[in-house]
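To start, the structure under review is shown below, and the notes come after it.
In my numbering, the protein residues as written are 22 to 367.
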């Protein structure tokens, strides 16, 4: 029975991957002149027909379409997770844990006055059955203590309580909250992998998620350096320790790089050079996504082991949805198709 469940996950995930967008689909999407035309193509010509069933594509707004695409990622993850045995569910639920953290951080940013209206409109209610707290209750959070109340008993409350402002006039240490939440997530995930899986499967799963964390650290270094001109000590404190492909001394070198451009030059000469093409990477996010894409694609093509196929498929599907969102945004703002295509990864 255990083997049948495992085979079902891998078989279903590979079948879903077989319905991914192809180069021809991207070329067609890039020819569209409006968000409605993009929605119509996705609904009538691709595997997104299910999530867009019943949607009036000539009336859908950008935010609604993006919301449905993200919901598709969740529904596919749950469809696959339902085939997994009970003993594996803790691993398969990692996407839900990530969504919980994202919602907590979005709520904290809203408390800081960052696009509160946009945040309220984007709360994904479809997570309700699987999440450890009520996402919709976050809409009624106006103070840090309100957030602690919503999170009571989940473990998240204890993690962020250390960052509770002394008074309503004090700023929330959102960077500290993010680091603490993500550190807890990865520590728990690595622990689940080590206790649930053995041998090469354990090593491969750890490689995927350690690489993901290392790429998060690189993105953090880049963004703090480029947009906030943060000093090296602040950058180092914001990182979550991990050793994947880059040594501690090389991470230190990235942190100490005088500019974001110098940091990218150093990365282009690192062991990650084998996972990317020869593009001039304007944004670190695209660099990180291409590395994830090539690593995930390799495992998707050659592995038949359920947890590995699941993790790599979800990574690839997430990148595909990000591609579509780039197209939607580009079409909306009348960006030239060739410029949009430069940021697509497939």
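Cβ atoms here follow ideal geometry from the backbone N, Cα and C, with glycine treated the same way.
For residue i, report the span of its alpha helix (DSSP H) as first-last.
i	result
residue 43	Per DSSP, residue 43 belongs to no alpha helix (DSSP H) and is neither H nor E.
residue 230	220-248
residue 139	137-143
residue 166	165-171
residue 328	327-353
residue 197	195-217
residue 261	No alpha helix (DSSP H) contains residue 261, which DSSP labels as neither H nor E.
residue 149	Here residue 149 belongs to no alpha helix (DSSP H), and DSSP marks it neither H nor E.
residue 55	First-last for residue 55: undefined, no H or E at that position.
residue 73	No alpha helix (DSSP H) contains residue 73, which DSSP labels as neither H nor E.
residue 317	305-323
So what does DSSP say about residue i, is it helix, strand or coil?
i	result
residue 22	Only weak support exists for where residue 22 lies, its pLDDT of 48 falling under 50; the value from the coordinates is given anyway. Residue state, collapsed to three classes: coil.
residue 114	coil
residue 86	helix
residue 99	helix
residue 268	coil
residue 367	coil
residue 186	coil
residue 289	helix
residue 78	coil
residue 362	helix
residue 156	helix
residue 274	helix
residue 27	helix
residue 37	helix
residue 251	coil
residue 192	coil
Whole-angstrom Cβ separation of residue i and residue j, contact assumed at under 8 Å?
i	j	result
residue 30	residue 320	14 Å between Cβ atoms; not a contact.
residue 33	residue 68	In fact, because the Cβ distance is near 13 Å, the residues do not count as touching under 8 Å.
residue 338	residue 94	6 Å
In whole angstroms, what separates the C-alpha of residue i from that of residue j?
i	j	result
residue 231	residue 274	20 Å
residue 328	residue 360	36 Å
residue 91	residue 210	22 Å
residue 280	residue 73	44 Å
residue 202	residue 356	36 Å
residue 42	residue 350	18 Å
residue 187	residue 166	11 Å
residue 314	residue 366	8 Å
residue 348	residue 242	27 Å
residue 102	residue 278	42 Å
residue 364	residue 88	21 Å
residue 235	residue 326	24 Å
residue 252	residue 282	16 Å
residue 182	residue 272	30 Å
residue 353	residue 219	48 Å
residue 250	residue 256	10 Å
residue 267	residue 225	17 Å
residue 104	residue 37	14 Å
residue 22	residue 189	Because the pLDDT of residue 22 is 48, which lies under 50, any placement of that residue in the model is unreliable, and the question is left without a value.
residue 49	residue 130	37 Å
residue 323	residue 333	11 Å
residue 223	residue 296	22 Å
residue 52	residue 62	11 Å
residue 109	residue 148	19 Å
residue 46	residue 340	15 Å
Thinking C-alpha only, which one of the options is nearest residue i?
i	options	result
residue 56	307, 34, 85, 32	85
residue 311	343, 286, 287	343
residue 144	153, 160, 251	160
residue 171	153, 289, 35	153
residue 81	59, 289, 313	59
residue 175	241, 106, 205	205
residue 107	179, 149, 168, 27	27
residue 369	129, 120, 137, 133	Nothing about residue 369 can be reported from this structure: the residues present for the chain run from 22 to 367 only.
residue 207	324, 293, 261	261
residue 194	269, 237, 48, 259	259
residue 118	130, 162, 99, 290	99
residue 263	238, 286, 256	238
residue 191	164, 38, 180	164
residue 292	265, 215, 70	265
residue 156	286, 123, 335	123
residue 168	125, 133, 45	125
residue 317	76, 197, 227, 83	227
residue 141	149, 150, 127	127
residue 134	222, 162, 65	162
residue 111	70, 305, 151	151
Is residue i near the ligand SAM, going by C-beta to nearest heavy atom under 7 Å?
i	result
residue 332	The ligand SAM is absent from the structure shown, which contains no ligands of any kind.
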